[in-house]
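Novice: Pasting in a structure now, in structure tokens, and then I'll have a few things to ask.
Number of protein chains: 2
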Amino acid sequence: MTESNKPSLEVCLSPALLHLYDVKNSIVVIIDVLRATSTICTALYNGAARVIPVATVEECVNIGRAIDGITAGERDGKVAEGLVHGNSPFEYPREFIEGKTLVLTTTNGTKLLHMAKDAIQIVTGSFPNISAVCDYLVSQGQNVILGCAAWKDRVNLEDTLFAGAVVSRIKSHFEVNCDSALAAETMYEAAQGDVFTFMKQASHYKRLAKYGLEKDIQYCLTPDGANVLPLFKNGELVAEEVSVK
Amino acid sequence: MTESNKPSLEVCLSPALLHLYDVKNSIVVIIDVLRATSTICTALYNGAARVIPVATVEECVNIGRAIDGITAGERDGKVAEGLVHGNSPFEYPREFIEGKTLVLTTTNGTKLLHMAKDAIQIVTGSFPNISAVCDYLVSQGQNVILGCAAWKDRVNLEDTLFAGAVVSRIKSHFEVNCDSALAAETMYEAAQGDVFTFMKQASHYKRLAKYGLEKDIQYCLTPDGANVLPLFKNGELVAEEVSVK
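Chains A and B, in that order, give the protein sequences. Its first residue numbered 3, the first sequence is counted upward by one per residue in the numbering used here. Its first residue numbered 3, the second sequence is counted upward by one per residue in the numbering used here.
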């Protein structure tokens, strides 16, 4: 079907659909906008040495102890028992996180990250680092899968919107033959100018707003507040200089 | 999360996501716009006694022989070997199909239909019978799942657009707390006024247009050309008078 020599750009709206995609021959962008991937780039932007994403609270505690890391993660909107910090990007200013290792447990994002382990490269994406992600994807000339972490496998608005924002920015460099990409881009265009107001319709917004997290949401929907590229290497996310081909 | 006593209205964008939904306590609308569910309502509207949806060509041949039915189905855009008719709604005018049984093999739609077998009720939906479907859903006062048949489990534009059209029409009667419903409705609104032109971006459009099926597509995207409600009962789809509560 490819009519050009451009690499493909696809959107996967839920981890439960990832098996339909050719992960092995693609760069996969893990998207968990509220708030895992926004917090990851923020911590790295503010000088964290690395972020280790783990699936369970137990793993988080154990690894945190072994390497003297900052353990972080929430369950039902509160810092999980046994951990010290939460999921908010505002908990990780430079004066706190610089030079340290953040061990972060998230459910949806970490699950997807492990599912994508055979990818050419995994990076994480969110509005605070959208330009770094787009520049990287364009520079690599590889097939790309924008992988939404979703919410317990259900399609969510915020991750879809971010995928759509990326499609909108970089599609001219790719062959886009994917209805999910078209859907995501259409969503983003419908929201454009006011992603925050658009998000107020979303199921996750309602969940987080209950916990008083509007300020977090606003930050997580604003481009380039922490414009660094987290690359996944040997189980860790690190901010690295990217060689542009 | 429900703030009202209204039943819920949700959209499931792919059969691979259906396990996330409470099928057992819902009416499920099977959506396979290009072209299975459009052809089903057309055949019933034109007087077919019933439509029997089957998964395989072999089943189609066997059942067709046993009950002296019209066997129909395509693979790769051609009438499948051993079957007599194709998937086009235009193959089933009244003078041909009235009083007869259509045994139809489709892959995506039939698969979803069998997955939803525990639903309160299964009906099929498409633009040619959108009003009948909407009237029925509003009249029943039950939870609704709009189930997109998709394309080999991948989200597709045409089924999403139809789901969005239904959400747009009936949402005031339901509690809608589902980001997929919001996505579908946003897609539909973006396309409104010219669903056909919007569809030209879709992956499936490109597949079908190769086979010269623009006329089919146009019909399948036009509301109320065959405004009857196919109800699934004992393995068959029948057009029945619906009792409005």
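Each residue gets a CB set at the ideal place from its N, CA and C atoms; glycine is no exception. Note that the structure is a prediction, hence the values are computed from the model and not measured.
1. According to DSSP, is PRO130(B) helix, strand or coil?
2. Could you tell me which chain A residues have their CB closer than 7 Å to the CB of THR188(B), listed as they occur along the chain?
3. Kindly provide the ranges of any alpha helix (DSSP H) runs that are 4 or more residues long and lie completely inside the region 73-149 of chain A, ordered along the chain.
4. So VAL230(A) and TYR47(A) are supposed to be a Cβ contact under 8 Å. How far apart are they, rounded?
5. In its own chain, which residues sit with a C-beta less than 8 Å from the C-beta of ALA121(A), not counting the 5 before and 5 after it?
6. Could you name the residues that DSSP lists as bridge partners for ALA45(A)?
7. If you count every other CB in all the chains shown that lies within 10 Å of the CB of ALA151(A), and 16 or more means buried, which is it?
8. Using three-state DSSP, classify PRO17(B) as helix, strand or coil.
9. Applying the 10 Å Cβ sphere with the 16-neighbour rule, what's the burial state of THR107(B)?
10. According to DSSP, is ARG209(B) helix, strand or coil?
11. Are GLY62(B) and GLY88(B) close, meaning C-beta to C-beta below 9 Å?
12. If we ignore side chains and look at the alpha-carbon of each, how far apart do ALA204(A) and GLU216(A) end up?
13. Measure the Cβ-Cβ separation of ALA2(B) and PHE200(B) and say whether it is below 9 Å.
14. So if I threshold CB-CB distances at 8 Å, which residues from the region 170-185 of chain A count as touching chain B?
15. In the DSSP assignment, find the unbroken alpha helix (DSSP H) run with LYS217(B) in it and report its ends.
16. Taking all protein chains shown into account, do 16 or more other C-beta atoms lie within 10 angstroms of the C-beta of GLY127(A), making it buried, or fewer, making it exposed?
17. Report all residues from its chain with a CB closer than 6 Å to the CB of SER10(A); omit the five preceding and five following residues, and keep chain order.
18. With a Cβ-Cβ cutoff of 9 Å, do ALA186(A) and THR162(A) count as a contact?
19. Which residues in the same chain as GLU238(A) place their Cβ atom closer than 6 Å to its Cβ, once the five residues preceding and following it in sequence are excluded?
20. To the nearest angstrom, how far is it from the Cα of ASP218(B) to the Cα of ASP137(B)?
Specialist: In short:
1. One-based indexing of the second sequence puts residue 130(B) at position 128. Of the three classes helix, strand and coil, the one that applies to PRO130(B) here is helix, per DSSP.
2. Within the second sequence, numbered from 1, the residue matching residue 188(B) stands at position 186. Those within 7 Å of THR188(B) in chain A are THR188, MET189 and ALA192.
3. 96-99, 110-117 and 132-142
4. If you number the first sequence from 1, residue 230(A) lands on position 228. If you number the first sequence from 1, residue 47(A) lands on position 45. With a Cβ gap of about 4 Å, VAL230(A) and TYR47(A) count as contacting.
5. Taking the first residue of the first sequence as 1, we reach residue 121(A) at position 119. Cβ within range, chain order: VAL25, LYS26, SER28, ILE29, VAL30 and ILE147.
6. The sequence position of residue 45(A) within the first sequence is 43, counting from 1. BP columns for ALA45(A) are empty, so no partner.
7. In the first sequence, the residue the question calls residue 151(A) occupies position 149. The residue in question, ALA151(A), is buried, as its Cβ has 16 or more Cβ neighbours within 10 Å.
8. Numbered from its first residue, the second sequence carries residue 17(B) at position 15. Looking at PRO17(B) - three-state DSSP - the assignment turns out to be helix.
9. Here residue 107(B) refers to the residue found at position 105 when the second sequence is read from its first residue. Buried is the call here.
10. Taking the first residue of the second sequence as 1, we reach residue 209(B) at position 207. Helix.
11. By 1-based counting over the second sequence, the position of residue 62(B) is 60. By 1-based counting over the second sequence, the position of residue 88(B) is 86. Per the sequence presented here, residue 62(B) reads as Cys, with Gly not at that position. No, they are not a contact pair.
12. Counted from its first residue, the first sequence places residue 204(A) at position 202. Counted from its first residue, the first sequence places residue 216(A) at position 214. Approximately 13 Å between the Cα atoms of the pair.
13. Only positions 3 to 247 of chain B appear in the structure, and residue 2(B) is not among them; the question remains open.
14. ASN179, CYS180, ASP181, SER182, LEU184 and ALA185
15. As a working note, residue 217(B) is residue 215 in the second sequence. It spans 216-222 - the alpha helix (DSSP H) in which LYS217(B) sits, taken as one unbroken run.
16. Along the first sequence, read from residue 1 onward, the residue named residue 127(A) stands at position 125. Answer is buried; the Cβ neighbour count reaches 16.
17. For this step, residue 10(A) is matched to residue 8 along the first sequence. ASN145 and GLU177, listed in sequence order.
18. Here residue 186(A) is taken as the residue at index 184 of the first sequence, counted from 1. Here residue 162(A) is taken as the residue at index 160 of the first sequence, counted from 1. Contact: yes.
19. One-based indexing of the first sequence puts residue 238(A) at position 236. Answer for GLU238(A): ARG52 and ILE54, listed in chain order.
20. Start at 1 with the first residue of the second sequence, and residue 218(B) comes out as number 216. Start at 1 with the first residue of the second sequence, and residue 137(B) comes out as number 135. Looking at the two C-alpha atoms, the distance is approximately 25 Å.
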